[in-house]
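Asker: Would you mind keeping the following structure in view while I ask a few things?
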Amino acid sequence: MDWGYFVSIAVFALVMTGTPGPNNVMLTASGANFGYRRSIPHFLGIALGLNTLIVLSAAGLDVLFRLYPAAHTGLKVAGCSYLLYLSWKIATTKNTNNASVANNEESAPMTLLQAALFQFLNPKAWMMSVAAVGTFTLSGAYYWLSILSICCVFVVVQVQTSSVWIGFGALIRRWLSTPRAQSQFNYVMAALTASCVVFIW
1249 MDWGYFVSIA VFALVMTGTP GPNNVMLTAS GANFGYRRSI PHFLGIALGL
1299 NTLIVLSAAG LDVLFRLYPA AHTGLKVAGC SYLLYLSWKI ATTKNTNNAS
1349 VANNEESAPM TLLQAALFQF LNPKAWMMSV AAVGTFTLSG AYYWLSILSI
1399 CCVFVVVQVQ TSSVWIGFGA LIRRWLSTPR AQSQFNYVMA ALTASCVVFI
1449 W
């Protein structure tokens, strides 16, 4: 393991976690609707869930999907269904710039556990984890050490990229001072989230 090895993982993680996808669209919407601080559990949950998938892939779960393609198809169906549900939730989020509404339990950002569990239904997260394990693991005695390295690099990179997406949403928030502007923004974010279903299939 040299610096080139870690740089390669970092570049891969940057491309995978920094480009648009279900997680980043929802992070932008969360930043715009709830602000940066309230969205922190969301991106920490993504880190937890993604690294759990990397470890499971390393343990051979991807082999199960190759042996039983129906299981993978079922995962995609469940993931797409949940994405459409999340799209509806984003579209119907109430104006949280109003303090009384911000305290409404119905208007709450995704929790750490919810974000972590969503990764199990996120086909892009599975693709990232399987590709990372297949590309960057080392054989023999260094196998699990390389898995640990992949997880550590992914956490460092993903937290930064997620912060950028949430920060972008939080920056937009100041232009969403009216209920109409925020509703229009939420409709756009909901449409983008739903459009991820097309790319998944």
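In the working numbering, the protein residues as written are 1249 to 1449.
Every residue, glycine too, gets a C-beta built ideally from N, C-alpha and C.
Apply the 10 Å Cβ neighbour rule to residue 1277 and answer buried if 16 or more other Cβ atoms are within range, or exposed otherwise.
Answerer: Per the 10 Å Cβ criterion, buried.
Asker: Reducing DSSP to helix, strand and coil, say where residue 1386 ends up.
Answerer: In this structure, residue 1386 counts as coil in the three-state DSSP scheme.
Asker: Which residue wins for smallest C-alpha separation from residue 1442, given the options 1258, 1257, 1274 and 1397?
Answerer: It is 1274 whose Cα lies nearest to the Cα of residue 1442.
Asker: I need the straight-line Cα distance from residue 1347 to residue 1281, nearest angstrom please.
Answerer: Here the model assigns residue 1347 a pLDDT of 41, short of 50, so the residue's position is not dependable and the matter cannot be decided.
Asker: How big is the Cα-Cα spacing for residue 1422 and residue 1358?
Answerer: Answer to the nearest angstrom: the Cα atoms are 21 angstroms apart.
Asker: Between the Cα of residue 1412 and the Cα atoms of 1255, 1267 and 1393, which residue gives the shortest distance?
Answerer: Checking every option, the nearest Cα to that of residue 1412 belongs to 1267.
Asker: Mind checking which residues open and close the alpha helix (DSSP H) that includes residue 1369?
Answerer: Careful: residue 1369 lies outside any alpha helix (DSSP H) and carries neither H nor E.
Asker: Would you kindly work out how many angstroms separate the C-alpha atoms of residue 1381 and residue 1372, rounded to a whole number?
Answerer: Straight-line Cα distance between these residues: approximately 14 angstroms.
Asker: Would you call the stretch 1254–1263 and the stretch 1404–1418 in contact, with 3 or more CB pairs under 8 angstroms?
Answerer: Verdict: yes, contact present.
Asker: For residue 1417, count the other beta carbons within 10 Å of its own beta carbon; 16 or more makes it buried, fewer makes it exposed. Which is it?
Answerer: Under this definition residue 1417 is a buried residue.
Asker: Check whether the Cβ atoms of residue 1287 and residue 1414 sit closer than 8 angstroms, and answer yes or no.
Answerer: Yes; because the gap between Cβ atoms is below 8 angstroms, this pair is in contact.
Asker: So, residue 1291 versus residue 1397, is the Cβ gap smaller than 8 angstroms?
Answerer: Taking 8 angstroms as the Cβ cut-off, residue 1291 and residue 1397 do not qualify as a contacting pair.
Asker: Rounded to the nearest angstrom, what separates residue 1481 and residue 1337 at their Cα positions?
Answerer: With the chain covering only 1249 through 1449, there is no way to say anything about residue 1481.
Asker: Is it true that the CB of residue 1294 sits closer than 8 angstroms to the CB of residue 1367?
Answerer: The answer is yes: Cβ separation under 8 angstroms.
Asker: Can you list, in chain order, the residues of its chain whose CB lies under 6 angstroms from that of residue 1384, leaving out five sequence neighbours each side?
Answerer: Answer for residue 1384: 1257 and 1398, listed in chain order.
Asker: How would you call residue 1329, buried or exposed, if buried means at least 16 neighbouring beta carbons within 10 angstroms?
Answerer: Exposed, because fewer than 16 other Cβ atoms sit within 10 Å of the Cβ of residue 1329.
Asker: Applying the criterion that 16 or more other CB atoms from any shown protein chain within 10 Å of the CB defines a buried residue, is residue 1392 buried or exposed?
Answerer: Result: exposed.
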